[in-house]
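Participant: Letter by letter, the sequence shown follows residues 1 to 544 of full-length UniProt numbering. Each residue gets a CB set at the ideal place from its N, CA and C atoms; glycine is no exception. Note that the structure is a prediction, hence the values are computed from the model and not measured.
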Amino acid sequence: MKKGFYGLRGKELSLVTIALMCVVIIMLTWEKTPLLNTFPASQTPLQLSQDSLAGRLVSISPLDREYVPASEDKSTVNNLDAHWASSHSYSNDEDTISSQNKGNLVGSREATHQQIPELRNDGSSESQKEIIEDDKIDDQIVDEEDKIVPIQKEVLKPKPEKADGNIKLVVKENYSRQGEESVVSMSPIAYNISTIDNKLERNQACNYAKGKWIVDEEEPSYSGFRCKQWLSGMWACRLTQRTDFAYEKLRWQPNNCEMERFKGSEFLKRMQDKTLAFVGDSLGRQQFQSLMCMVTGGEEQHFEDVGQEYGLALAPGNTRPNGWAYRFPSTNTTILYYWSASLCNVEPLDEKDQNTDYAMHLDRPPAFLQQYISKFDVLVLNTGHHWNRGKLKTNRWVMHVNGKPNIDKKLAPIWSAKNLTIYSIVNWVNSQLPKYPGLKAFYRTISPRHFVGGDWNTGGSCDNTRPMSIGKEVVQEESSDESAAGAVKGTGVKLLDITALSQLRDEAHISRYSITAKAGVQDCLHWCLPGVPDTWNEILFAQI
1 MKKGFYGLRG KELSLVTIAL MCVVIIMLTW EKTPLLNTFP ASQTPLQLSQ
51 DSLAGRLVSI SPLDREYVPA SEDKSTVNNL DAHWASSHSY SNDEDTISSQ
101 NKGNLVGSRE ATHQQIPELR NDGSSESQKE IIEDDKIDDQ IVDEEDKIVP
151 IQKEVLKPKP EKADGNIKLV VKENYSRQGE ESVVSMSPIA YNISTIDNKL
201 ERNQACNYAK GKWIVDEEEP SYSGFRCKQW LSGMWACRLT QRTDFAYEKL
251 RWQPNNCEME RFKGSEFLKR MQDKTLAFVG DSLGRQQFQS LMCMVTGGEE
301 QHFEDVGQEY GLALAPGNTR PNGWAYRFPS TNTTILYYWS ASLCNVEPLD
351 EKDQNTDYAM HLDRPPAFLQ QYISKFDVLV LNTGHHWNRG KLKTNRWVMH
401 VNGKPNIDKK LAPIWSAKNL TIYSIVNWVN SQLPKYPGLK AFYRTISPRH
451 FVGGDWNTGG SCDNTRPMSI GKEVVQEESS DESAAGAVKG TGVKLLDITA
501 LSQLRDEAHI SRYSITAKAG VQDCLHWCLP GVPDTWNEIL FAQI
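Below, the structure written as structure tokens:
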């Protein structure tokens, strides 16, 4: 019995010794690698310090970008990932660009592999070319989701609080053991534009003319089928035989700032007890009709015709009045349009003679403006396409300066006469601003034409139906309408610069689908509505 007892006790001591040795080993291991490290890692995204972030240049296309905040939970990220896979498939062939626009309009993705330019220590670029090249890199990440992009060594301070587009990105860093180069892998995650709209920070210094066209799956603010109360049938392309409407699916996105989405109710609230006046040619009339449709959403609304208050009545012998004025009683908001193709004061030389010529006073504003400017809170002026010899001859306009027929040979060229008028009207409006401190005045730049192979009466056409075939981006700092830009410089009149961004939209014209079209005659001047003029009004809305 003793032998069995002591044998069993020896075995117990051996087990105790082994257990103590295991405890010692575990404690030694704990000091080097805590047991907590073996647990699954937290799902909280890595938050890099500002110093770490500052050393990495991350360029993401405004077409598809916004940063995911550190507080974004995993479920949100997963949902966004799923949406990205199901809703984004952009075609590269949309972004080819014509050689004549390469200098200012960037749409090709073939150039995205060029080197990002160096920046000075203050963060500003050495030249405009650097800005262009930096923007070109953006598209590389959008199109190639899994592509690894080298990080540049230059310093670019990030702005995590600001959204740059309609796609958020989670940034994952991978460091190479060989060499000094590190890389960043971008995982695009879809994020609806409407969500961004809720986070907008208004930027009064924004250059709304510089940016790019982005695909926007949301419906236009009104339907071309339904806005019959305001929209002329000749401009409602939905009512014609046209079958492609991709032009309705683009939205203008300015660079480095957000432009809030237009809301009719917000516009009326902002314009309560105020009057907005468009004065210009048929493109101004398109902008007027566009705004009326945008404000009402194309739905029937109660309004008052107040044209009589502004002398806008149907003159004898005319098929339509020289303008329209409508008021929304709910907010006492008035929107009007007055026809003035040249922005000159035009008056008959002999009121008794039906075949009389008309004095076209290059240095005098329209009588309508002189009489009613005191009633306006927002004024939008435009002119341009009626400045040609044919129009002057047809309308029997005779150029006058200082109240007399022009004899100055320097003003004989049409472009010179037009410039004098633009400078004169802007200077006159500027002189009125001190009298009416609440008035905000805009001069809208010229709307581009897209006739190919001729003019409107010589077989010119605009048959393209593919959006962004010319390009998608405007990178130039200065306006394409030099005359308008020069006229407003140094004045209180603001430039509503729409020329370059509209130049990219050759597919959005009436084209051959005009109701009154004749064989061989296309309208490559006016726009389908809904369409490009809606963007002009969005930019206007952002500034009032």
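Which class does TYR222 belong to by DSSP, given the choice of helix, strand or coil?
Facilitator: TYR222: coil per DSSP, three-state reduction.
Participant: Go through its chain and collect everything with a Cβ distance to ASP363's Cβ below 6 angstroms, but skip five positions before and after it.
Facilitator: Closer than 6 angstroms at Cβ, skipping near neighbours: VAL401, SER424.
Participant: Quick one: what's LEU336 bridged to in DSSP?
Facilitator: Answer is ALA277, ALA325.
Participant: Quick check: the stretch 377–388 against the stretch 281–300, are at least 3 beta-carbon pairs closer than 8 angstroms?
Facilitator: The stretch 281–300 vs the stretch 377–388: in contact.
Participant: Between which residues of its own chain and ARG238 is the CB-CB distance below 6 angstroms, once the five residues before and five after are set aside?
Facilitator: Result list for ARG238: GLY224, PHE225, in chain order.
Participant: Whole angstroms is fine: what's the gap from ALA205's alpha carbon to GLY264's?
Facilitator: Computed Cα separation, rounded: 24 angstroms.
Participant: Could you give the DSSP three-state label for VAL398: helix, strand or coil?
Facilitator: Three-state result, VAL398: strand.
Participant: Which residue's Cα is closest to the Cα of SER342: GLY486, ALA519, GLU304, ALA417?
Facilitator: Checking every option, the nearest Cα to that of SER342 belongs to ALA417.
Participant: Can you list, in chain order, the residues of its chain with a C-beta nearer than 6 angstroms to that of ALA367? Leave out the 5 residues immediately preceding and following it.
Facilitator: Once the five neighbours on either side are set aside, the close Cβ partners of ALA367 are ASN345.
Participant: Determine the closest residue to residue 550 out of ASN322, MET234, LEU420, SER431, with distance taken between C-alpha atoms.
Facilitator: As displayed, the chain neither begins before 1 nor continues past 544, which places residue 550 out of reach and without an answer.
Participant: Quick one, which of ILE26, VAL23, ILE25, TRP213 has its alpha-carbon nearest VAL474's?
Facilitator: Taking only the C-alpha atoms, the option nearest VAL474 is TRP213.
Participant: Could you give the distance in angstroms between the alpha-carbon of GLN476 and the alpha-carbon of ASP497?
Facilitator: Roughly 12 angstroms between the two C-alpha positions.
Participant: Could you check if PHE262 is buried or exposed, using at least 16 other CB atoms within 10 Å of its CB as the buried criterion?
Facilitator: Buried, because 16 or more other Cβ atoms sit within 10 Å of the Cβ of PHE262.
Participant: Of the residues LYS435, ILE407, VAL452, TRP536, which one's Cα is nearest the Cα of PHE442?
Facilitator: Checked all of LYS435, ILE407, VAL452, TRP536; the closest Cα to PHE442 is TRP536.
Participant: Here's a check: name, in chain order, each residue in its chain whose Cβ is nearer than 6 angstroms to the Cβ of TYR337, leaving out the five neighbours to either side.
Facilitator: Cβ neighbours of TYR337 beyond the five flanking positions: PHE278, ARG285, PHE288, GLY323, TRP324.
Participant: In whole angstroms, what is the alpha-carbon distance linking PHE303 and GLN229?
Facilitator: Using only the alpha carbons, I get a separation of about 11 angstroms.
Participant: In the DSSP assignment, find the alpha helix (DSSP H) that holds MET294 and state where it starts and stops.
Facilitator: Counting along the chain, the alpha helix (DSSP H) containing MET294 begins and ends at 282–296.
Participant: Check whether the Cβ atoms of ASP481 and ILE446 lie closer than 8 angstroms to each other.
Facilitator: Yes; because the gap between Cβ atoms is below 8 angstroms, this pair is in contact.
Participant: Within a Cβ cutoff of 7 angstroms, which residues of the same chain sit near ASP216, ignoring the five residues on either side of it in sequence?
Facilitator: So the list reads ILE193, LYS249, LEU250, ARG251, once near-sequence residues are dropped.
Participant: With PHE442 as the anchor, note down where its beta strand (DSSP E) starts and where it stops.
Facilitator: Element bounds for PHE442: 440–444.
Participant: What residue range does the beta strand (DSSP E) around ASN345 cover?
Facilitator: Run containing ASN345: 345–348, per the beta strand (DSSP E) assignment.
Participant: For TRP527, count neighbouring Cβ atoms within 10 angstroms of its own Cβ and tell me buried if that reaches 16, exposed if not.
Facilitator: That one is buried.
Participant: Do ARG444 and CYS524 have their C-beta atoms closer together than 8 angstroms?
Facilitator: Result no, Cβ atoms of ARG444 and CYS524 do not sit closer than 8 angstroms.
Participant: Among residues of its own chain, excluding the 5 on either side of ALA246, which ones have a beta-carbon nearer than 6 angstroms to its beta-carbon?
Facilitator: The answer, listed in chain order, is PRO467.
Participant: Going by C-alpha to C-alpha distance, which of VAL429, THR334, TRP456 sits closest to GLY390?
Facilitator: When only C-alpha atoms are compared, the closest one is TRP456.
Participant: Taking the continuous alpha helix (DSSP H) assigned at SER424, which residues delimit it?
Facilitator: Residues 414–432.
Participant: Determine whether the beta carbon atoms of ASP534 and SER374 lie at a separation below 8 angstroms.
Facilitator: The answer is no: Cβ separation not under 8 angstroms.
Participant: Hey, quick one: how far does the beta strand (DSSP E) through TRP252 stretch, first residue to last?
Facilitator: Looking at the DSSP string, the run of the beta strand (DSSP E) that includes TRP252 is 250–254.
Participant: Between the alpha carbons of GLY307 and SER340, how many angstroms are there, rounded?
Facilitator: Cα to Cα, the separation comes out at about 16 angstroms.
Participant: Report, in whole angstroms, the separation of the C-beta atoms of TYR372 and CYS293, which I expect to be a contact under 8 angstroms.
Facilitator: With a Cβ gap of about 24 angstroms, TYR372 and CYS293 do not count as contacting.
Participant: Could you compute how far the alpha carbon of GLU299 sits from the alpha carbon of ILE407?
Facilitator: When rounded, the distance between both Cα atoms is 52 angstroms.
Participant: Using alpha carbons as the reference points, say which of GLN354, ALA412, VAL426 lies closest to VAL380.
Facilitator: With distances taken between Cα atoms, VAL380 lies closest to VAL426.
Participant: Do SER479 and LEU504 come within 8 angstroms of each other at the CB atom, strictly closer than that value?
Facilitator: The answer is no: Cβ separation not under 8 angstroms.
Participant: For THR243, is the classification buried or exposed, using 16 other Cβ atoms within 10 angstroms of its Cβ as the cut-off for buried?
Facilitator: Under this definition THR243 is an exposed residue.
Participant: So is VAL23 buried or exposed if we call it buried at 16+ other beta carbons inside 10 Å?
Facilitator: With fewer than 16 Cβ atoms within 10 Å of its Cβ, VAL23 is classed as exposed.
Participant: I need the straight-line Cα distance from PHE541 to GLN522, nearest angstrom please.
Facilitator: Approximately 31 angstroms between the Cα atoms of the pair.
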